[in-house]
Each structure stands twice: as structure tokens, then as C-alpha cells.
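Worksheet for the structure shown next.
In the working numbering, the protein residues as written are 1302 to 1800.
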């Protein structure tokens, strides 16, 4: 029935020859006997394997749970979750953290339950599940508010977590302004990490507006700089990186890409010193994105490579997805269409285009590369994938316009659809097809001034629009010299007639 485990170095360890045998034998035991044996196994592991006990946190959590020892089951579940996080085993970390939450709640240990919920929220965010992460933080808030003890400071910390999640990342909150105001009331005016994070969230908040104005982003920049000054005064390195991100984002939206580039460059050594892979990936992404706009394509490609490698090794597909968007955009701008298509086809997690907009942008860039290569099968395949990902009108129209331009096809209808849908959207999309859109507009409406097409944002200043235009002038498609009909094509940088 049993045999020694092959290659097992520890003496006295055996396993059943067949799982069914184990299941039948286990089910023949009375419940009381099972519980007793689970306790004995857990105690034996603790007493015999003292020097190797870290390797047995999951087993101890399991045996103490089934041995009806909830305090030790909770403790080892939490330790197992932390250890799994340290080795980037996020699925295992999530499972044990959620188990720890349930056990700590039953034990009325609010403090440890909230701590475990923070980990649940972090892992959910890594996986691109913003709403699930928000639910974890809201559950922590409810636990603290329902407790008879005074948890005002801890509740303020939860508000800071929720505010960052709902502004810097993708979660949606119904009353974002009220959330930030309430959080700032809880943490008070004294400098603190929580106040820094709430101010940084206020600086990111215009991202959630339908049409943020120049005034919105100028106020955001001032708020981000205020938060940065507090973080630097307190020596809070993680919060310094957060605030630099907020400063850089505001500069980007104001069209000041060199300042945004400099702010994000400062984040890289900070994230390295903290060994914070999340911040490091994001910093490389933001430096790479601004480098694209500034025309430093080789540098952008290097930062995208670094971000992608770190994201893969730490199992953070959401952040890694943006690195791939940068890489594919650079390949398009370099006229390396085969390289751009390879980035799309080889993308890890490519079967999850619904997770966030990164994958949809990647599909659009892949369609453009396939069109440039006259690979109709690849273009149709990628468009089908895009259609399956529930894109919004701007995403599908932008993809069609890119394909038409890079495939040198008539694009007037695609151009009109893209403009009416509100495109271009993010910075990478503007960098790739913003100049082409303006060129198409001028070809279709030769009497119209360029100011009409500079920006899709209401209230954007002319200087910011001109700076962005200047930063994007390098973005011209390099096309084949002859079309399918054998006729010569115009030289690079010119556009085909709109039809």
C-alpha cells in the first residue's frame, strides 16, 4: 500500500502507491480520529523539522486547519502566504492569505485579518483584478469600523490604499473625491506616509475625469510636488517613488515630456534600493514611454526589455503588458514590422486581452505590423482577437486606422471613425498614430489650420499641444517603395490619398 518516496533524502517518509488507496483509507477514519492525527502530524513537523520548518508552512497550515487548531492554522497560513509572496508565487500567496483572513476573522483578530487583506489586495492588483483588490480593502475598512477599539489611524491607512488603487491603478470607486477628503480628515495635517499617499492619489485623480483640462493637471502637479516634499522630508523612499510617478504623469499630460522623463528616471535607483519590483517595472515603463515621445527609440526599447523581464520573473502580467506595448510601438516606428509582429505573437498572457487596455493596444499594433507586411491572415486573426476582447469604439477605430495607414490603404472612413470615437487615447497611441492622424486631416481638409487637429482634449493649451507635436515629429512610417499594384509609392513621411 505504501512505498518510500523516490529520491527522498529524509528517512522514514513514505507515500501511498495510489491516490485512491490514500482516499479510501482516509475516509474510513472517524472524524475525531482524523482531527487527532492531523494535530499529531503538525506537532511532529514542528518538533522534528525545526531547522527546515519554513518549507513546511503550507503543510502546517493544512494540518492545523483540519486538526481544528484555528490559531495555529491562521498563523501558519499567514506565514505561508508571506513566503509565497517572497518567491513571487502569487496564486499560492492569495490562497493562503484568504485562508488566513477567514481564520483571523473567526478569532476576532482584526489587526492580523486586515494585514492579510492588504496582501490579498496587492496580489489582486498584480493580476489586473482592480475591483477584487478594492473589495479586499473595503472589507478591511468594514472590519476596522465595526471593531469596538479605536482604529482611526488604521482606517486612514485603508483609505490611503483604496485611494491609490482607484487613482494610480484601474479600480473604480463611486465617490473618489469624497474618499480622498475623508481619508485626509482621518490622517490629519501632520506629515505621514498616509497623508503623502492620499495627496498623491489626489494628484492622479484627473486620470479618472472624462476630459481633464490643463488647469486640472496644473493643480495635480502642485499637489504631487507637495506630497513629494513631505515624502522626502520624512525619508519615505517608496512614497518618494509614488510621488515622482504622480509628478511625471502630470508633466506628461501637460506636454512636458522632458520633465516627465527626468522625474521617472529618479524612480529607478529608488526602486532598485527598495527591491520593489512593482515600482521598478513601472519606472522602466514610464521612462520608456517618454523616451518614445522624445525620439530616443533605442533607449525606450531597452527600458521596455528590462520592464518585461522583471514582470515575467515576478509574475506581474499587467505591468509587463505595458512594456510590450512600448516595445511593439518602437518596432513600428523603426519600420521593423516583423519585429513588431513578433512582440505581439510572443507576448506572455496574450490569451487575456480582456484584462486591461494594454493587450488591446498590443493587438492594434500587431494589426498595423501585419498590414505593413501584407500578412492578411495575421491581420485578420489579430482583429478577431481584438473584437473578442470587448474593445470600446476608440480602440477598434484606432486599430483600423493604424492598419489602413501602415497597409497603405484608403483610410478616410477609418480616420473619421477614430476621431468621432475620441482617439487617440493613451500616450503610446498618440505617439504612433497622432502625427499620421494630423497628416490625414490636412490631406482631407487642406484649408483647415493644424490647430484644429492638435489635441482631442478640451482646454489644452496651445503651447502644450505644440510641444507634443514637436516631440512626435520623428514618428513617420517607413513604407515599402512599391505597392501591390507595382506602382511606386511616395517617399517616407508622405501620406497616401484619402479615399
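Beta carbons are placed, not taken as given, at the ideal position from N, Cα and C, and that holds for glycine.
Collapsed DSSP secondary structure at residue 1661 in the structure displayed: In the three-state DSSP reduction, residue 1661 falls in the helix class (H, G or I).
Residue 1579 - containing alpha helix (DSSP H), residue span: Annotation: the continuous alpha helix (DSSP H) that includes residue 1579 extends over 1578-1595.
Alpha helix (DSSP H) runs contained entirely in the segment 1365-1446, provided each spans 4 or more residues: Those alpha helix (DSSP H) runs which fall completely within the segment 1365-1446 and span 4+ residues are 1371-1387, 1391-1407 and 1411-1427.
Classification of residue 1449 by the beta-carbon crowding that lies within 10 angstroms, buried from 16 upward: Residue environment for residue 1449: exposed (fewer than 16 other C-beta atoms within 10 angstroms of its C-beta).
Residue 1453 burial status per 10 Å Cβ neighbour count (16 or more: buried): Counting Cβ neighbours within 10 Å, residue 1453 comes out exposed, since fewer than 16 surround it.
Touch test, the segment 1428-1440 against the segment 1573-1587, Cβ-Cβ under 8 Å, three pairs minimum: Output reads no: the segment 1573-1587 does not touch the segment 1428-1440.
Proximity below 8 Å, CB of residue 1455 to CB of residue 1445: If you check the CB distance, residue 1455 and residue 1445 come in under 8 Å.
Integer Cβ distance of residue 1638 from residue 1608, believed to fall under 8 Å: Your pair residue 1638 and residue 1608 does not check out as a contact, with CB atoms roughly 22 Å apart and the cut at 8 Å.
Residue 1600 versus 1576, 1619, 1635 and 1513, residue with shortest Cα-Cα distance: Relative to the Cα of residue 1600, the nearest Cα in the group 1576, 1619, 1635 and 1513 belongs to 1635.
Same chain, Cβ closer than 6 Å to residue 1553, five either side skipped, listed in chain order: Excluding sequence neighbours, residue 1553 sits near 1561.
Host alpha helix (DSSP H) of residue 1354 (start-end): For residue 1354, no alpha helix (DSSP H) encloses it, and the DSSP letter there is neither H nor E.
Coil, strand or helix - residue 1503 by DSSP: Helix.
Buried versus exposed, by CB contacts within 10 Å (16 or more), residue 1411: The residue in question, residue 1411, is buried, as its Cβ has 16 or more Cβ neighbours within 10 Å.
Which of helix, strand or coil DSSP assigns to residue 1685: In the structure shown, the three-state DSSP call for residue 1685 is helix.
Nearest neighbour of residue 1405, chosen from 1416, 1395 and 1537 [CA to CA]: Nearest C-alpha to residue 1405: 1416.
Counted within 10 angstroms of its Cβ, other Cβ atoms place residue 1491 as buried (16 or more) or exposed: So residue 1491 ends up on the exposed side.
Host alpha helix (DSSP H) of residue 1551 (start-end): Residue range 1538-1554 is occupied by the alpha helix (DSSP H) that includes residue 1551.
C-beta contact flag for residue 1587 and residue 1549 at 8 Å: Contact: yes.
Between the CA atoms of residue 1418 and residue 1363 - distance to the nearest angstrom: A direct Cα-to-Cα measurement between residue 1363 and residue 1418 gives close to 20 Å.
Rounded C-alpha distance that separates residue 1801 from residue 1614: Any question about residue 1801 goes unanswered here, given that the chain covers just 1302 to 1800.
Which of helix, strand or coil DSSP assigns to residue 1449: DSSP places residue 1449 in coil when its eight states are reduced to three.
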